[in-house]
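Using the UniProt record's numbering, read the sequence shown as starting at 1 and increasing by one per residue.
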Amino acid sequence: MSDSSNDTLVQTQNWFLKAVPNPTSKNINTQMGCHLEEVVEMLVELNSLTPEYQAQLTNAIGALTVLSDTMKQDAYAFDVAQEQRLAVLDSLADQIVTATGVGVFLGMNVPGALDEVNRSNYSKFENGEPVFNENKKVMKGKDYTPPDLSKFI
1 MSDSSNDTLV QTQNWFLKAV PNPTSKNINT QMGCHLEEVV EMLVELNSLT
51 PEYQAQLTNA IGALTVLSDT MKQDAYAFDV AQEQRLAVLD SLADQIVTAT
101 GVGVFLGMNV PGALDEVNRS NYSKFENGEP VFNENKKVMK GKDYTPPDLS
151 KFI
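In structure tokens, the structure reads:
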């Protein structure tokens, strides 16, 4: 793996460590809900080939949206026990790998896009500090600039 790819993931990790140095159950549930929200955003963009596939997609979108909303609204909706952490880490690492694979197969520059998303996320901070909503989600500060991902397609 190249140093720049590793640096990109480290930058992402550092952003979270700066934003939430001591995550609570609320932060963890909100982040898991946001993670599922991003999956839903991808599913919404898929084109189904048959009415049956569309029904499956619609059902998945609905179920994941409800689960995402529950996680973001209830600080104690779900927990990861100590003995589950290794399996969860394995799943998260595999999700990063498979998400990258989807992008690569679609002709996208995923590492470049991640660099741009990191740049944009850091622009959410005001005076170097994060701004939160009532669900402990980092919000867009006054100097926020959205990512321009068009050059990575």
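For glycine and all other residues, C-beta sits at the position ideal for the given N, C-alpha and C.
All figures in this text were calculated on a predicted structure; none of them were measured in a lab.
Using C-beta distances below 7 Å, list every residue in its chain close to residue i, excluding the 5 sequence neighbours before and after it, in chain order.
i: Val-39; result: Leu-64
i: Thr-8; result: Pro-111, Leu-114, Asp-115 and Asn-118
Under the DSSP definition of a beta bridge, which residues are partnered with residue i?
i: Val-138; result: Phe-132
Leaving out five residues on either side along the sequence, give the residues of the same chain with a beta carbon under 6 Å from the beta carbon of residue i.
i: Val-97; result: none
i: Gly-33; result: Ser-68, Met-71 and Lys-72
i: Ala-19; result: Pro-130 and Val-138
Keeping to the same chain, check which residues put their C-beta closer than 8 Å to that of residue i; ignore five residues upstream and five downstream.
i: Phe-152; result: Met-108, Asn-109, Val-110, Gly-112, Ala-113 and Glu-116
i: residue 176; result: The requested residue 176 is not part of the displayed model; the chain covers only 1 to 153.
i: Gln-54; result: Ser-48
i: Asn-29; result: Met-71, Lys-72, Asp-74, Ala-75, Tyr-76, Ala-77 and Phe-78
i: Ser-60; result: What sits at residue 60 in the sequence shown is Ala, not Ser. Correct list, in chain order: Leu-43.
i: Asn-10; result: Note on residue identity: the sequence assigns Val, not Asn, to residue 10. Taken in chain order, the list of residues that qualify is empty.
For the alpha helix (DSSP H) that contains residue i, what are its first and last residues?
i: Glu-37; result: 25–44
i: Thr-65; result: 51–73
Shorter than 7 Å, the distance from the beta carbon of residue i to the closest heavy atom of the ligand HEM, or not?
i: Val-80; result: Among the ligands in the structure shown, none appear at all, so the ligand HEM cannot be discussed.
Please specify which runs of the alpha helix (DSSP H), each continuous and at least 4 residues long, are wholly inside the segment 101–135, giving them in chain order. Every unbroken stretch of the alpha helix (DSSP H) spanning 4 or more residues and falling wholly within the segment 101–135 is given here in chain order: 110–122.
Count the C-beta pairs between the segment 36–54 and the segment 75–92 that are closer than 8 Å, then say yes if the count reaches three, no if not. no
Are the segment 118–132 and the segment 141–150 in contact at 8 Å, needing three or more beta carbon pairs? yes
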